[in-house]
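Visitor: Residues in the sequence shown are numbered consecutively from 19, following this note's numbering. Even for Gly, the Cβ is constructed at its ideal location relative to N, Cα and C. Keep in mind the model is a prediction, meaning the values are calculated, not measured. Take a look at this one; I'll ask things after.
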Amino acid sequence: MNKADLSNVYRDYIACLNKQDWPKLEQFVHDDVHYNGQRIGLSGYREMLERDFNEIPDLYFNIQLLISDAPYIASRLGFACTPKGKFLGLPVNGKRVSFTENVFYQFRAEKIEQVWSVIDKAAIEAQL
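This is how it looks when you write it as structure tokens:
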């Protein structure tokens, strides 16, 4: 898969998340997906995303930076949202916060197999 194709697959994946089109998630995520070094599988990955959207009803993934070097994607995602209660252990409680996530993905057969994610918690702390 070339860089342009992988970037398009990733953009379609992000669109899937923003639509919360959970049945379509299996088109983008490998059955044996790992998140930050832990195997959670497709069902665990979907549960994690569903929980995120439940706790942050206005969650929206905004691609700020996207670099493709097949089979890898590096992305900086921007968020401006309103978590209902605690978020990352912080008492956000309905306050609108902005933060970024730096995330790396490894693809296999056009599906995400590995995810490494770091959220800028300090940015949220500074807004509280």
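Taking Y90 as part of the beta strand (DSSP E), name the residues at either end of that continuous run.
Guide: Locating residue 90 in the sequence shown gives position 72, where the first residue counts as 1. Note, Y90: beta strand (DSSP E), 90-99.
Visitor: Quick check on the DSSP output: what are the complete alpha helix (DSSP H) runs of length 4 or more inside the segment 31-119, in order along the chain?
Guide: Whole alpha helix (DSSP H) segments, 4+ residues: 59-73.
Visitor: Taking a contact to mean a Cβ-Cβ separation below 8 angstroms, would you say P89 touches Q124 in this structure?
Guide: As a first step, residue 89 must be located in the sequence shown, where it is residue number 71. As a first step, residue 124 must be located in the sequence shown, where it is residue number 106. Their beta carbons are under 8 angstroms apart, which means P89 touches Q124 by this criterion.
Visitor: Under a three-way DSSP split, which group does E128 fall into?
Guide: For the purposes of this step, residue 128 is taken as the residue at position 110 of the sequence shown. Correct three-state label for E128: coil.
Visitor: Leaving out five residues before and five after I142 in sequence, what residues of the same chain have Cβ atoms less than 8 angstroms from its Cβ?
Guide: Walking along the sequence shown from the start, residue 142 turns up at place 124. Contacts found: F105, L106, L108, V110, V115, F117.
Visitor: Give me the residue from D70, G59, L84, I81 with the minimum Cα distance to K102.
Guide: For the purposes of this step, residue 102 is identified with residue 84 of the sequence shown, where counting begins at 1. The option with the nearest alpha carbon to K102 is D70.
Visitor: Could you name the residues of the same chain whose beta carbon sits closer than 7 angstroms to that of L35, not counting the 5 residues immediately before and after it, in chain order?
Guide: For this step, residue 35 is matched to residue 17 along the sequence shown. If we look at L35 and ignore the five residues flanking it on each side, its Cβ neighbours are L67, F79.
Visitor: Give me the residue from L84, I130, V27 with the minimum Cα distance to I58.
Guide: Your numbering for residue 58 matches position 40 in the sequence shown. Checking every option, the nearest Cα to that of I58 belongs to I130.
Visitor: Let's test the definition: count the other Cβ atoms within 10 Å of the Cβ of I91 and tell me whether it reaches 16, buried, or not, exposed.
Guide: On the sequence shown, position 73 is the one that residue 91 refers to. So I91 ends up on the buried side.
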